[in-house]
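So that you can map any letter, position 166 of the sequence shown is 166 in UniProt numbering, and since no number is skipped, the others follow by simple counting. The structure appears right after this line, and notes come after that.
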Amino acid sequence: MRTLPDRTGALAAIEAHPGVERARGERLAAHARAGGRQRGPHDWIAGGQWQERDTGAGGRFEEWELSLQRGVRLPGKAALDHGIADLELGVGADTLADARHVAATGLLHAWVEWLAASELVGLAREAASTAGRDLEATTLRFDAGHAAAAERDAAMAAEARARRALEDAALREQEARLALALRYPDLHLPTQAPLIAVPGDESIDWEAWAARVVEVSHDITLAEGRARLAERRAERARLDRRADPSIGLRAVSERGGEDTVLGVFFSVPLGAGPRRAVAEEEAAMATASWADAAASRTEVTLQARTLARRAALQANAWALADAAARAQAREAERLARGHALDGVDLADLLAARRRAAEAAMAEVEARALAFSSAAGLLLDAHAYWIEDDGHSEDG
Numbered sequence: 001m002r003t004l005p006d007r008t009g010a011l012a013a014i015e016a017h018p019g020v021e022r023a024r025g026e027r028l029a030a031h032a033r034a035g036g037r038q039r040g041p042h043d044w045i046a047g048g049q050w051q052e053r054d055t056g057a058g059g060r061f062e063e064w065e066l067s068l069q070r071g072v073r074l075p076g077k078a079a080l081d082h083g084i085a086d087l088e089l090g091v092g093a094d095t096l097a098d099a100r101h102v103a104a105t106g107l108l109h110a111w112v113e114w115l116a117a118s119e120l121v122g123l124a125r126e127a128a129s130t131a132g133r134d135l136e137a138t139t140l141r142f143d144a145g146h147a148a149a150a151e152r153d154a155a156m157a158a159e160a161r162a163r164r165a166l167e168d169a170a171l172r173e174q175e176a177r178l179a180l181a182l183r184y185p186d187l188h189l190p191t192q193a194p195l196i197a198v199p200g201d202e203s204i205d206w207e208a209w210a211a212r213v214v215e216v217s218h219d220i221t222l223a224e225g226r227a228r229l230a231e232r233r234a235e236r237a238r239l240d241r242r243a244d245p246s247i248g249l250r251a252v253s254e255r256g257g258e259d260t261v262l263g264v265f266f267s268v269p270l271g272a273g274p275r276r277a278v279a280e281e282e283a284a285m286a287t288a289s290w291a292d293a294a295a296s297r298t299e300v301t302l303q304a305r306t307l308a309r310r311a312a313l314q315a316n317a318w319a320l321a322d323a324a325a326r327a328q329a330r331e332a333e334r335l336a337r338g339h340a341l342d343g344v345d346l347a348d349l350l351a352a353r354r355r356a357a358e359a360a361m362a363e364v365e366a367r368a369l370a371f372s373s374a375a376g377l378l379l380d381a382h383a384y385w386i387e388d389d390g391h392s393e394d395g
């Protein structure tokens, strides 16, 4: 697609986007959480105490106690923690992939806006130049007594409108270029913007591309991954209603070492009220996450099918706009020749020029919309820039 920026530059701009950088941080956080899950929630706990016993007539004795203990995950919890860790890694990778897609979509829209604005500046500049020549010619005719003051006023008004339209178009182009430069600083912008391509092959099966979008959507993959993760967390919270025991070793020295004790001890938290509440909360959050996943699939499907329809219909809309622009241009040319022969009033010529300029601008806007819809659908289908199956691997 020649209208798009080169692949290398686009990928570099996408990778440098702040949203992608943020997602990289989230993926690193997911790695850290996964590592913690795999190691488990329990640490070794060392304890000790020293005391001096005064027995009165029996004397004073130093005594001490040392202990070392650690919580132990009950059966099933460790395996579930490893599964949660794997899901954390998957969600982290999908978060990064989705951020790349969002950045790529933003780049596409910003790029097409700049291309359209650049073409409109060219048309506005041409219209302003034509209006200036009309005003100059009308002024000469007025000075020679061959044109009425009303004709000169009409030419002046047309020239002022054209200059104002040029300023508006130039401002739009500058804003579009600034947005690209600031949001995607790694993207090289050519001095001359390329022209937006006209709609291509009408035999393209856009509905098939829409189906492909649903298959590879990172929105869906990410939402379903989060739902599976929430489901596993809910299962883990359910298991935690049975608290993990702690097992430890204890060494004691009493009466200055006359009595020594070496033993094993354990402890188990009693009561499950708070843990039951956490389990119920996690179960409810899992249900909500699956609802989010279903909503995400619906929205992606709707957007994909909408873009597919737009890609087909806006190509036809562009064809009509192009035909109208060509017809208006021919009308303006004929009236210009007639005016040069004094057979056409200036007012008719100026009105025709205005209609021609508006039709030409409408053609650019229609072409930009058609290209944006088609390119957006293909981007969502991972036909370019993002080329994966929507199920990202971590790394």
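The beta-carbon is built from N, C-alpha and C at its ideal position, and this holds for glycine as well. Since we're looking at a predicted model, the values are computed, not measured.
Comparing alpha-carbon positions, which option in E358, E280, A332 and D342 lies nearest L349? A332
Own chain residues within Cβ distance below 7 angstroms of R355, not counting five before or after: Q328
According to DSSP, which residues form a beta bridge with W44? R70
If I measure Cβ to Cβ from A324 and keep anything under 6 angstroms in the same chain, skipping five residues before and after, which residues do I get? A359
With which residues is W290 paired in a DSSP beta bridge? Looking at the DSSP assignment, W290 forms no beta bridge with any residue, so it has no partner.
L80 versus A294 - alpha carbon distance: The alpha-carbon atoms of L80 and A294 are separated by roughly 25 angstroms.
Just mark V268 as buried or exposed, buried being the case when its beta carbon has 16 or more other beta carbons within 10 Å. exposed
Based on DSSP bridge pairs, tell me the residues matched to F61. Note: F61 sits in a beta bridge opposite R53.
The beta strand (DSSP E) spanning I247 covers which residue range? S246 to E254
Span of the beta strand (DSSP E), counted from its first residue to its last, around residue 422: The requested residue 422 is not part of the displayed model; the chain covers only 1 to 395.
Could you tell me whether the stretch 96-110 touches the stretch 1-17, where touching means 3 or more Cβ pairs closer than 8 angstroms? yes
Determine, using beta carbons only, whether I247 and R70 come nearer to each other than 8 angstroms. It is a contact, given that the beta carbons lie within the stated cut-off.
Should A381 be labelled buried (16 or more other beta-carbon atoms within 10 Å of its own) or exposed? buried
Are the beta-carbon atoms of L4 and W111 separated by less than 8 angstroms? yes
Determine the direct distance from the alpha carbon of L11 to that of I204, and round the result to whole angstroms. 26 angstroms
Could you give the DSSP three-state label for L379: helix, strand or coil? helix
Return the CA-CA distance between A30 and E280, expressed in angstroms with no decimal places. 24 angstroms
Between the stretch 368-385 and the stretch 174-193, can you find at least three pairs of beta-carbon atoms closer than 8 angstroms? no
Name the DSSP bridge partner or partners of G263? R250
For Q314, is the classification buried or exposed, using 16 other Cβ atoms within 10 angstroms of its Cβ as the cut-off for buried? buried
Can you look up P274 in the DSSP assignment and give me helix, strand or coil? helix
Buried or exposed by the 16-neighbour rule on C-beta atoms within 10 Å, applied to D43: D43 comes out exposed.
Buried or exposed for G395, please, with buried defined as at least 16 other CB atoms from any protein chain shown within 10 angstroms of its CB. Reliability of the predicted coordinates at G395 is poor, the pLDDT of 38 falling under 50, and no value is obtained from them.
According to DSSP, simplified to helix, strand and coil, what is W111? helix
Which residue comes first and which comes last in the alpha helix (DSSP H) that contains Q38? P18 to R39
May I ask which residues mark the beginning and end of the alpha helix (DSSP H) holding W209? For W209, the enclosing alpha helix (DSSP H) has its first and last residue at W206 to V216.
Taking the straight line between their C-alpha atoms, what separation do you get for A148 and R141? 9 angstroms
Integer-rounded CB distance, given that S217 should sit under 8 angstroms from A311: Not quite, the Cβ-Cβ distance comes to about 17 angstroms (not below 8 angstroms), so this is no contact.
Spatial distance of L123 from R337 (CA atoms): 21 angstroms
In whole angstroms, what is the alpha-carbon distance linking T130 and A137? When rounded, the separation of the alpha-carbon atoms in T130 and A137 is 11 angstroms.
Under the three-state reduction of DSSP, which class applies to S203: helix, strand or coil? The three-state secondary structure of S203, taken from DSSP, is coil.
By Cβ distance, which residues of its chain are closer than 7 angstroms to H188, with the 5 residues on each side in sequence left out? The residues are G9.
Exposed unless 16 or more other CB atoms sit within 10 angstroms - verdict on T95: Residue burial is scored here from C-beta neighbours: T95 has at least 16 other C-beta atoms within 10 angstroms and is therefore classed as buried.
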